[in-house]
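S.K.:
In the numbering used here, the protein residues as written are 26 to 256.
So, in structure tokens, the structure goes:
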């Protein structure tokens, strides 16, 4: 039987994930996250902070205003992920004085290429969670597949299929779990027993890749207590 081990990618140590050559057992090698040295930054800035009593990494969007919504990621170097469970605490909000269309976009990408140009991703729109506009509430959680399937294309071609409602508060710590097996992925929020969003048929198939921290434009995001279980 395949053994499972969980690895903590917190603000003290971030491991490189590898599979044992003979026993299908995952091993971990810690890398100090507070140095940010293992993060490969693409149009984002990252810094270690203490946020609401927790050690975290703050990730903020940079780059030109006309940059693609999907172009801002911090790839965690040394991580190789195909199937398993990703658990993390995230807190997303907008920059001060951001226009209303910006919603604090914050998420986790997986099976990512090292250059950050290709990945699968679940993300949240925290400012939609308690909106008085029901349509906005319905768009609280989102799946995207970069580069071919940004949210705009998915919403146009498959209305309601890759988005869902979940209760969110901007800037508050929110527990997120992503469960991936083959081309099937589920997003859980707030340690719920049932998934917020289910994707049957990941657009990139069953590729292997890195884990990445994802933000959208005009976002200030915090990530902490990141844990990975490979199966």
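Quick reminder that beta carbons are idealized off the backbone N, C-alpha and C, glycines included.
Please report the distance separating the alpha-carbon of residue 228 from that of residue 236.
M.R.: The count along the chain shown starts at 1 and reaches residue 228 at position 203. The count along the chain shown starts at 1 and reaches residue 236 at position 211. For residue 228 and residue 236, the distance between alpha carbons rounds to 17 Å.
S.K.: Quick check on residue 160: buried or exposed, where buried means 16 or more other Cβ atoms within 10 Å of its Cβ?
M.R.: Here residue 160 is taken as the residue at index 135 of the chain shown, counted from 1. The residue in question, residue 160, is exposed, as its Cβ has fewer than 16 Cβ neighbours within 10 Å.
S.K.: Please report how far the alpha carbon of residue 191 lies from the alpha carbon of residue 223, in whole angstroms.
M.R.: Mapped onto the chain shown, residue 191 falls at position 166. Mapped onto the chain shown, residue 223 falls at position 198. Cα to Cα, residue 191 sits roughly 13 Å from residue 223.
S.K.: Please report the straight-line C-alpha distance between residue 78 and residue 196, rounded to a whole angstrom.
M.R.: Mapped onto the chain shown, residue 78 falls at position 53. Mapped onto the chain shown, residue 196 falls at position 171. Roughly 13 Å between the two C-alpha positions.
S.K.: Looking at residue 148: is its Cβ nearer than 8 Å to the Cβ of residue 167?
M.R.: Position 123 of the chain shown, counted from the start, is the residue given in the question as residue 148. Position 142 of the chain shown, counted from the start, is the residue given in the question as residue 167. Yes.
S.K.: Hey, how far is the Cα of residue 94 from the Cα of residue 241?
M.R.: Indexing the chain shown from 1 puts residue 94 at position 69. Indexing the chain shown from 1 puts residue 241 at position 216. Going from the Cα of residue 94 to the Cα of residue 241 covers about 6 Å.
S.K.: Tell me the rounded alpha-carbon separation between residue 129 and residue 218.
M.R.: One-based indexing of the chain shown puts residue 129 at position 104. One-based indexing of the chain shown puts residue 218 at position 193. So the alpha carbons of these two residues sit roughly 25 Å apart.
S.K.: What ranges does the beta strand (DSSP E) occupy inside the stretch 102-140, keeping only unbroken runs of at least 3 residues that lie completely in it?
M.R.: Runs found: 109-119 and 131-137.
S.K.: How close, in whole Å, do the beta carbons of residue 110 and residue 202 come, if the pair is a contact with beta carbons under 8 Å?
M.R.: Here residue 110 corresponds to residue number 85 of the chain shown, with the count starting at 1. Here residue 202 corresponds to residue number 177 of the chain shown, with the count starting at 1. Yes, they are in contact, since the Cβ atoms of residue 110 and residue 202 sit about 6 Å apart, within 8 Å.
S.K.: I need the DSSP call for residue 239, collapsed to helix, strand or coil.
M.R.: Here residue 239 refers to the residue found at position 214 when the chain shown is read from its first residue. Strand, per DSSP.
S.K.: Using only the alpha-carbon positions, how far apart do residue 184 and residue 175 sit?
M.R.: Along the chain shown, one-based indexing puts residue 184 at 159. Along the chain shown, one-based indexing puts residue 175 at 150. Straight-line Cα distance between these residues: approximately 13 Å.
S.K.: Relative to the C-alpha of residue 83, which residue among 213, 248, 253 and 138 is closest?
M.R.: Here residue 83 refers to the residue found at position 58 when the chain shown is read from its first residue. Out of 213, 248, 253 and 138, 248 has the C-alpha closest to the C-alpha of residue 83.
S.K.: Report the partner residues of residue 201 according to the DSSP bridge assignment.
M.R.: Position 176 of the chain shown, counted from the start, is the residue given in the question as residue 201. DSSP lists 113 and 214 as partners of residue 201.
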